[in-house]
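Chemist: With this note's numbering applied, the sequence shown closes on residue 1229, and no number is skipped along the way. Quick reminder that beta carbons are idealized off the backbone N, C-alpha and C, glycines included. Here the structure is a predicted model, which means the values were calculated and not measured.
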Amino acid sequence: MKLFVNNLTNVDFSYLHSSRGLMGESWLLQLELDGALNEQGMVCDFGVVKKLTREWMDSTIDHALLVPTKMNDIKIEHALGQTRVDWLYPNGKSFHCQSPSKAIVAVDVEEITPEAMAEWCRAQLIALFPQEVRGLNLRFVPEVIDGAFYHYSHGLQQHDGNCQRIAHGHRSRIEIFLNNERNHKLEQEWAARWHDIYIGTSAHRKESAEGMNTYEYRAPQGEFSLTLPTEYCSDIDTESTVEQIARHLAARIKQIRPLDDVMVRAYEGVGKGAVSQV
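(1) What number of angstroms, rounded off, separates the C-alpha of ASP963 from the C-alpha of GLU976?
(2) Using the rule of at least 16 other Cβ atoms within 10 Å of the residue's Cβ for burial, across every protein chain shown, is GLN1195 buried or exposed?
(3) Check for me: the beta strand (DSSP E) holding MET1214 runs from which residue to which?
(4) Under 8 angstroms between the Cβ atoms of ASP1024 and TRP1007?
(5) Taking the beta carbon of GLY972 as the centre, do at least 16 other beta carbons fall within 10 Å, making it buried, or is it exposed?
(6) My understanding is that HIS1102 touches MET974, with C-beta atoms under 8 angstroms, so please give their C-beta distance in whole angstroms.
(7) Ordered along the chain, which non-local residues of its own chain (more than five positions away) have a Cβ less than 7 angstroms from that of LYS1273?
(8) Just tell me which of GLN1033, LEU1076, SER1052, ALA1054 has its CA closest to the CA of ARG1005.
(9) Give a yes or no on whether the C-beta atoms belonging to TYR1218 and ILE1125 are separated by under 8 angstroms.
(10) Considering only C-alpha positions, which residue in the set LYS1136, PHE1128, HIS1105, VAL1226 is nearest to CYS1048?
(11) How far does the beta strand (DSSP E) with VAL1058 in it reach, from first residue to last?
(12) Name the DSSP bridge partner or partners of CYS1048?
(13) Taking all protein chains shown into account, decide if VAL1095 is buried (16 or more other Cβ within 10 angstroms of its Cβ) or exposed.
(14) Please determine if the stretch 1123-1139 and the stretch 1170-1189 are in contact, where contact requires at least 3 C-beta pairs separated by less than 8 angstroms.
(15) Using the C-alpha atoms, what's the distance from TYR1183 back to ALA1197?
(16) Taking a contact to mean a Cβ-Cβ separation below 8 angstroms, would you say VAL1058 touches PRO1093 in this structure?
(17) Sorted by chain position, which residues of the same chain lie with C-beta nearer than 6 angstroms to ASP985's C-beta, five sequence neighbours on each side aside?
(18) So for ILE935, helix, strand or coil by DSSP?
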């Protein structure tokens, strides 16, 4: 007997890509269990399935930086509850991230893909289920987006939860309206401008080598720092919450279209976001 749960949850995270560098990502999770029926006539109670899976995803990969350990030029060090990752972009520029160890997940693969992560998660998740569950298959799938979207990473120093981690991210759609009319051209322009971007907070930015941006802060979980090439960064004057991102975009568009009514719907991953109107 098989039991399935579509769109059981979604995970938001960042990872290192061999050519694109730091990338924010959002995936939906599809789960299928194979097993015998228990005395209640179930393979496993849906409530148990959802609770076990969500808790494991939340504590393992959600809002973390995933690092493929078999990728070229990766170096990972652990000391005193901190993990440091060093890597070289294809152009020779450097990437450094240091965070509390739970914020960085080393994955024993060459590349972070939905298929590789599904297998990595499956091997660990199956052990959590009752003995009636004999097999487990899962799939990660990106949200189907009919329109513009971009991958972004960020960190929220003032957040009480895992959003405070300096390098986590999202794959997000963007919707822009001028005078109540959807403007796909502007959406594509901003999606291209923020392609694989790190949205930093100006107050977190420290002095660094020319052509590089360094961000540092202390949050409830500990000390965080991140260094990456300037061309992959875009700073705003506030914390990079989705509300402030929407406000920032609306204000920037209003500067170049002062006579128009501007509305921005900015998304943070799948199915949630904020609206700003000016």
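Modeler: The answer reads as follows:
(1) 6 angstroms
(2) buried
(3) 1213-1218
(4) no
(5) buried
(6) 5 angstroms
(7) Lying before the first or after the last residue shown, residue 1273 is absent from the chain, which here runs from 952 to 1229.
(8) LEU1076
(9) yes
(10) HIS1105
(11) 1055-1058
(12) VAL1036, LEU1177
(13) exposed
(14) no
(15) 19 angstroms
(16) no
(17) LYS953, ARG1085, GLY1086
(18) The requested residue 935 is not part of the displayed model; the chain covers only 952 to 1229.
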